[in-house]
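Colleague: Take a look at the following structure, please.
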Amino acid sequence: MATTLALSTSRLINGEFAMTFEYAPAPESRASVSIKPKYGHYIGGKFVAGEKHFPTINPATEEILSSIALGGKKEVDAAIKAAKKALDLHWSKLSGRERGKYLFRIARILQERAREFAVLESLDNGKPIRESRDVDVPLAAAHFFYHAGWADKLEFAGVGTKAKAHGVVGQIIPWNFPLLMLAWKVAPALATGNTVVLKPAETTPLTALLFAEVCEQAGLPAGVVNIVTGDGSTGALIVDHPGINKIAFTGSTEVGKIIAQAVAGTSKSVTLELGGKAANVVFEDAAIDESVEGIVNGIFFNQGHVCCAGSRLIIQESISDEFIKKLQKRMEKIRVGDPLDKNTDLGAINSRAQLEKINELSLAGDAEGAQRWSPACALPDKGFWFAPTIFTGVTQSHRIAREEIFGPVLSVLTFRTPQEGIDKANNTPFGLSAGIWSEKGSRILWASQKLKAGVIWANTFNKFDPTSPFGGYKESGWGREGGRHGLSAYLKGATHD
Amino acid sequence: MNYYSLIDGSDASLKNFLKNLSGVDAVGADARAAMLATRSIKTSSKRWAIDTAISMVDLTTLEGADTEDKVQALCTKAVRPDPSDLNVPSVGAVCVYNDMVATARKHLDLIGGQHVPVAAVSTAFPSGRASMKVKIQDTKDAVDAGAGEIDMVIDRGAFLSGNYIGVFNEIVAIKEICGEKAHLKVILETGELVTYDNVRKASYLAMLAGADFIKTSTGKIAPAATAPVVLVMLEAVRDFHEMSNVRIGVKPAGGIRNTKDAIKQLVLVNETAGPEWLTPSLFRIGASALLNDLLMQRMKMDDGYYASPQYVTID
Amino acid sequence: MTKRIDVKKTYKLFIGGAFPRTESGRTYEVKNAKGVFVANPCLASRKDLKDAVVAARAAQSGWSHATAYNRGQIIYRIAEMLEGRTEQFVAEICELTGATPKKAHDEVESSIDLLVWYAGWTDKISALDGSTNPVAGPYYNFTIPEALGVVGFIAPKKSPLLGFVAGIAPIIASGNTVIALASESAPLPAMSFAEVIATSDVPAGVINILTGKSAELAPWFASHMDIDGLDISGLDSKMVTEIKVAGAQNLKRIHSFKDLATPGRILAFMESKTVWHPIGV
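Residue numbers (the numbering used here), protein chains in the order written: chain D, 185 to 681; chain F, 16 to 330; chain H, 3 to 283.
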């Protein structure tokens, strides 16, 4: 069957300007995913029914994906009890080698089911399939693979001879990288001999619930990993529970402080990975095209829903006009739309609530006199969307330079001398990450020495690896995740925690 | 010559211009090219891309064993790539050694291919290692024989030893011979330049000297037209247009073997220099085996099942 | 009913990802623990060794530039493949060494676990052995361990699988490539191991396996100027001095190990590189 596919508005190809190269829809199929209409919790190796439920939706279409259980005291108690039982009867008795093998199995199964996880993540979270496919899922598998290898090598991890598992660990993760944050938490916890009660975010529980199936397929002993879904109240129940020996939390600074206060006076160990307002410092000798790319990635990757997002561009004044022009031209190429389309660069905002926050702060930016610019882009009517946006003429005193927007909004400030650039970058209560763009090695090292941030990217941005410790200075949190440093957090009596 | 008012033609002015160009971060360039390679081009856009790519192919034979009959066969294929479907566009050009130009031109005109230019490789292609006298004669012979396009090679030895003005002056001289008769493609042989910084410098040098097209490679060595190299060259023509208001073309050559590769090139053009470059007058692909793969993919899109090499012609 | 006649395997060498016969055309007889003929494995020559070194050298740059994660996954894959062939190896070990099935099972399972252990080291060895050094000046200074290059391995005579794996895995974990000479009296598990490697996504030339007489080949390993290191754990103690003298020609790093599972076996075939860079605006 010959199909003559009509070419839209074609002009003569030979010798004249061609039409614009439109990319036809390239949707990833949903066929690999099967979502249940209703989920309970995963406790003691079994799916148990919940009592109250709330919907989880696809933020790109507002379609209801499933009905999720709201975990209360009963479920949290049961999960912690199951985790303790698993620890005492089984998990603490296994050699590191055998523990590691479970984690290797989990890593391999995540690789096998990668497509399914990527599609599900994009449906539940709103992020482009290209990102969940190429970043979230592969990194999650890598985290399990890396930590699997530590399980039987703790004597070489520099944690000292007295280090022991904490016991039952309560883990509360955010909605921006649901599966990856689960991997960052569960892998080191299990590798070091702890058992886990994990609460995924309210708006993104589905990949965690699918992960329970992976635990089953890996033969993980019942109760080693428990998943309790719910909202902030569920998280508070976990934090306050006396059966929890250690808490790991990733989320807003506001909630992080509440948790820190809640555990004060208890023997609970806490690590926190909180917010940021990272500066990307671009020097005049930067490689311009790659720097533009890095700035774009820094703030528009994952819709800007990234704690370490480069949400402030601090650029040397001598090149700022030229650079902004190039940045704007590059932003015109950002494709906003259906997260399941393989060519989408910027997906949906995760929730109505988050969209309102982004709007509120952007309006503040307008009101305070910064100049807003977005490329023209058609946003769908249903779902939660925000065009990629930059504000120029921003100074330290603008709200949009101080407060975390957690959306695809970049604030642009300038500097005259390197020290001034660093001072502006450091002038924030946050300290999670920073970027440095320069072709001069000594300048990069000088700047990285002076920047008060836990992760510094030079001539790159948003790079993550299980071997590379991640975490912030100041109000961006306590402790590190990944690498040798991240292991210590899960070991009581470690020389470094 | 006013060199677009960007330099004055002196060694100092050229060196200064090239020195002030922004560096290229290799890892960043690789990453950008890799991201663009993930674009998924389907259905109607794929069909359009295939036809566009066919119209951009510089169908090439550059073998020591080339004969008149071989060149004639190539020319026939160039004009009508698929005898079973006359809707398939002709290719962008036929590319041969200069002593085959007359044969090619004659045959093309005989079979209704007047609109297909003959491109001749020149200046002691592929090595470029010969006297200026020989290179000039090489080019004159080709133009006199009817070549509408000249693909010259730069002196890479001169470039790598820092003799930029030497490279520059050679291009200016060859451009003069081309005059109004032929457009000039300047082959940088990026595989020998190695670094992206060099590719950027050489791109600007060639454009300032009068290139109508900058071309990646001779196709005789690897690596040839890798995606990051083409990316850097597309950035150069984009930015050069900002400076001079003139659009220079880009031609990747070598290593583009199948439809997937060709479509990736079109995506690079689209998202780097822009859709204005998506025309054979500003983008060509130097290839030989590619054409048959494009035809087979075209057949698959029209027929709905995978084709076999038996259903396309050898040239 | 007549007993089924089985198809006997011809055992060849494993060089550059392929299974060539020895260029010398020689073989030697291997008998089982009861003195019954089992097979005629190749008696590798110095020319086979030479070819193996060429293959190993060609593969080394790519292998050391693969990410540590990738190398770890490949070594884990070898474990996956070996696990699937447990029974084959149990049978070979029992036949050749006279070990009981239980002992043979233990050896195979220990070999699999040892591969998993070393697979988990690839991306951790630099955390163990690398450092940033607080020099007294405005310089950023770091030390990083790097792969040595091409390493030869004379495998132990007993534990024909476990001893073999214990040498190969740590050598390749860091990015070295290896030419291993199997146990002379019990070479078959090593040759079967070559089949495992061939199905594990290991790039051609990273692991090369020869069978033959160590008294004949060890001196050629030792004198070869394009081999950078040697694991002589399986070498007859009478030959050690001679081998070390020959190896001194190009200062080969020569080691022998008793422990099967130690990061020391990885670090022994690595080199430390220290880099300085000024810190200044």
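Virtual Cβ for every residue (Gly too), placed ideally from N, Cα, C.
When you compare only the Cα positions, how much space is there between Ala631 of chain D and Leu616 of chain D?
Modeller: Walking along the first sequence from the start, residue 631 of chain D turns up at place 447. Walking along the first sequence from the start, residue 616 of chain D turns up at place 432. The straight-line gap from Cα to Cα measures roughly 15 Å.
Colleague: Does the beta carbon of Thr193 of chain D come closer than 7 Å to any beta carbon on chain F?
Modeller: To locate residue 193 of chain D, count along the first sequence from 1; it is residue 9. Summary for Thr193 of chain D: the model assigns pLDDT 33, below 50, so the residue's position carries little reliability; its value from the coordinates is reported in the next sentence. Chain F, which has no Cβ nearer than 7 Å to the Cβ of Thr193 of chain D, makes this no.
Colleague: With a cut-off of 8 Å on the beta carbons, I'd call Leu456 of chain D and Gly440 of chain D a contact; round off their distance for me.
Modeller: As a working note, residue 456 of chain D is residue 272 in the first sequence. As a working note, residue 440 of chain D is residue 256 in the first sequence. With 8 Å as the limit, Leu456 of chain D and Gly440 of chain D qualify as a contact, their Cβ atoms being about 4 Å apart.
Colleague: Any contact of the region 58-72 of chain H with the region 268-288 of chain D, i.e. 3+ C-beta pairs under 8 Å?
Modeller: With a cut-off of 8 Å, the region 268-288 of chain D and the region 58-72 of chain H do not count as touching, because too few Cβ pairs lie within range.
Colleague: What does the alpha-carbon distance come out to for the pair Pro103 of chain H and Glu665 of chain D?
Modeller: In the third sequence, residue 103 of chain H corresponds to position 101, counting from 1. In the first sequence, residue 665 of chain D corresponds to position 481, counting from 1. Going by the C-alpha atoms only, they are around 45 Å apart.
Colleague: Decide if Asn102 of chain F is buried, meaning its Cβ has at least 16 other Cβ atoms within 10 Å, or exposed.
Modeller: Translated into the one-based positions of the second sequence, residue 102 of chain F becomes position 87. Exposed, by the Cβ-count rule.
Colleague: Could you tell me whether the Cβ atoms of Ile620 of chain D and Val465 of chain D are closer together than 7 Å?
Modeller: Sequence index remark: in the first sequence, residue 620 of chain D carries index 436 (1-based). Sequence index remark: in the first sequence, residue 465 of chain D carries index 281 (1-based). Going by C-beta atoms, Ile620 of chain D is nearer than 7 Å to Val465 of chain D.
Colleague: Trp359 of chain D lies in the beta strand (DSSP E); which residues open and close that run?
Modeller: As a first step, residue 359 of chain D is located in the first sequence; it is residue number 175 there, counting from the start. Taken as a continuous stretch (DSSP letters only), Trp359 of chain D belongs to no beta strand (DSSP E), as it is neither H nor E.
Colleague: Between Asp276 of chain F and chain D, is any beta-carbon pair separated by less than 7 Å?
Modeller: Residue 276 of chain F sits at position 261 when you count from the first residue of the second sequence. It does not: the Cβ of Asp276 of chain F has no partner Cβ on chain D nearer than 7 Å.
Colleague: Report, in whole angstroms, the separation of the C-beta atoms of Thr118 of chain F and Glu83 of chain F, which I expect to be a contact under 8 Å.
Modeller: The residue you call residue 118 of chain F lines up with position 103 of the second sequence. The residue you call residue 83 of chain F lines up with position 68 of the second sequence. That belief holds up - the Cβ atoms of Thr118 of chain F and Glu83 of chain F are roughly 5 Å apart, short of 8 Å.
Colleague: For Thr241 of chain F, which option in F:Lys155, F:Asp124, F:Asn17 and F:Ala44 has the closest C-alpha, if you only look at C-alpha atoms?
Modeller: The residue you call residue 241 of chain F lines up with position 226 of the second sequence. Cα-wise, what sits closest to Thr241 of chain F is F:Ala44.
Colleague: Measuring CB atoms only, is the region 138-146 of chain F touching the region 166-179 of chain F, in the sense that at least three cross pairs come out at less than 8 Å?
Modeller: Verdict: yes, contact present.
Colleague: Checking contacts by CB at 7 Å: is Leu289 of chain D closer than that to chain H?
Modeller: Position 105 of the first sequence, counted from the first residue, corresponds to residue 289 of chain D. Here residue 289 of chain D is Arg; the residue named in the question, Leu, does not match the sequence. Cβ-Cβ to chain H under 7 Å: no for Arg289 of chain D.
Colleague: Anything in chain H within Cβ reach of Gly625 of chain D, meaning under 7 Å, just list it in chain order.
Modeller: The sequence position of residue 625 of chain D within the first sequence is 441, counting from 1. The answer, in chain order, is His279.
Colleague: Examine chain H for any beta-carbon lying closer than 7 Å to the beta-carbon of Gly638 of chain D, and answer yes or no.
Modeller: As a working mapping, residue 638 of chain D is identified with position 454 in the first sequence. Not one chain H Cβ lies under 7 Å of Gly638 of chain D.
Colleague: Does Glu477 of chain D get closer than 7 Å to chain F when you measure Cβ to Cβ?
Modeller: Working through the first sequence from its first residue, we reach residue 477 of chain D at position 293. It does; some Cβ of chain F falls within 7 Å.
Colleague: Does DSSP put Lys52 of chain H in a helix, a strand or coil?
Modeller: Position 50 of the third sequence holds residue 52 of chain H. Residue state, collapsed to three classes: helix.
Colleague: Got a sec? Which residues, its chain only, sit under 8 Å from His425 of chain D by beta carbon, not counting five neighbours each side?
Modeller: Locating residue 425 of chain D in the first sequence gives position 241, counting from the first residue. Val260, Asp261, Ile264 and Gly354, listed in sequence order.
Colleague: Identify the contact partners of Phe340 of chain D in chain H, using a Cβ-Cβ distance below 7 Å as the criterion.
Modeller: Here residue 340 of chain D refers to the residue found at position 156 when the first sequence is read from its first residue. What Phe340 of chain D touches in chain H: Leu130 and Pro265.
Colleague: Can you tell me whether Gln129 of chain F is buried or exposed? The criterion is at least 16 other CB atoms within 10 Å of its CB, across all chains shown.
Modeller: As a first step, residue 129 of chain F is located in the second sequence; it is residue number 114 there, counting from the start. That one is exposed.
Colleague: With respect to 6 Å, is the separation between the Cβ of Val319 of chain D and the closest non-hydrogen atom of the ligand SAH below this value?
Modeller: Among the components of this structure there are no ligands whatsoever, and the ligand SAH is therefore not found.
Colleague: Runs of 3 residues minimum, wholly inside the region 536-590 of chain D: which ones carry the beta strand (DSSP E) assignment?
Modeller: Listed in chain order, the complete beta strand (DSSP E) runs (minimum 3 residues) inside the region 536-590 of chain D are 555-557 and 573-576.
Colleague: Who pairs with Tyr141 of chain H in a beta bridge, going by DSSP?
Modeller: For the purposes of this step, residue 141 of chain H is taken as the residue at position 139 of the third sequence. H:Pro280.
Colleague: Measuring only the C-alpha atoms, how far is Val282 of chain F from Ile329 of chain F?
Modeller: The residue labelled residue 282 of chain F in the question sits at position 267 within the second sequence. The residue labelled residue 329 of chain F in the question sits at position 314 within the second sequence. Taking the straight line from one Cα to the other gives about 28 Å.
Colleague: Go ahead and pull the three-state DSSP assignment for Phe174 of chain F.
Modeller: Sequence index remark: in the second sequence, residue 174 of chain F carries index 159 (1-based). Helix at Phe174 of chain F.
Colleague: Leaving out five residues before and five after Arg215 of chain F in sequence, what residues of the same chain have Cβ atoms less than 7 Å from its Cβ?
Modeller: The sequence position of residue 215 of chain F within the second sequence is 200, counting from 1. So the qualifying residues of the chain are Leu36, Val39, Val247 and Ala251.
Colleague: According to a CB-to-CB cut-off of less than 9 Å, which residues of the region 121-149 of chain H neighbour chain D?
Modeller: Listed by position along the chain: Ala121, Gly122, Trp123, Thr124, Asp125, Lys126, Ser128, Ala129, Leu130, Pro140, Tyr141 and Tyr142.
Colleague: Smallest Cα separation from Glu31 of chain H: which of H:Gln90, H:Leu84 and H:Leu45?
Modeller: Start at 1 with the first residue of the third sequence, and residue 31 of chain H comes out as number 29. When only C-alpha atoms are compared, the closest one is H:Leu45.
Colleague: Cα separation between Thr205 of chain F and Glu604 of chain D?
Modeller: Your numbering for residue 205 of chain F matches position 190 in the second sequence. Your numbering for residue 604 of chain D matches position 420 in the first sequence. Going by the C-alpha atoms only, they are around 40 Å apart.
Colleague: Note down, in chain order, all residues in the region 32-53 of chain F with a beta-carbon under 8 Å from any beta-carbon belonging to chain D.
Modeller: Listed by position, the residues of the region 32-53 of chain F near chain D (Cβ gap below 8 Å) are Ser37, Gly38, Val39, Asp40, Val42, Gly43, Ala44, Ala46, Arg47 and Thr53.
Colleague: Please confirm if the region 436-452 of chain D is in contact with the region 300-319 of chain D, defined as three or more CB-CB distances below 8 Å between the two stretches.
Modeller: They do not touch, by the three-pair rule.
Colleague: Please report the residue range of the alpha helix (DSSP H) in which Glu137 of chain D lies.
Modeller: For chain D, the structure presents residues 185 to 681; residue 137 of chain D sits outside this window and is missing.
Colleague: Relative to the C-alpha of Asn643 of chain D, which candidate in D:Ser595, D:Asp550, D:Asn481 and D:Ala325 has its C-alpha closest?
Modeller: The sequence position of residue 643 of chain D within the first sequence is 459, counting from 1. The candidate whose alpha carbon is nearest that of Asn643 of chain D is D:Asn481.
Colleague: How long is the line joining the alpha carbons of Ser194 of chain H and Phe91 of chain H, rounded to whole angstroms?
Modeller: In the third sequence, residue 194 of chain H corresponds to position 192, counting from 1. In the third sequence, residue 91 of chain H corresponds to position 89, counting from 1. Roughly 8 Å separates the two Cα atoms.
Colleague: Quick one, are the C-beta atoms of Ser176 of chain H and Arg79 of chain H less than 7 Å apart?
Modeller: Residue 176 of chain H sits at position 174 when you count from the first residue of the third sequence. Residue 79 of chain H sits at position 77 when you count from the first residue of the third sequence. No, they are not a contact pair.
Colleague: Taking Cβ positions only, does Thr76 of chain F come closer than 7 Å to chain D?
Modeller: Reading the second sequence from its first residue, position 61 is the one you call residue 76 of chain F. So, not an interface residue.
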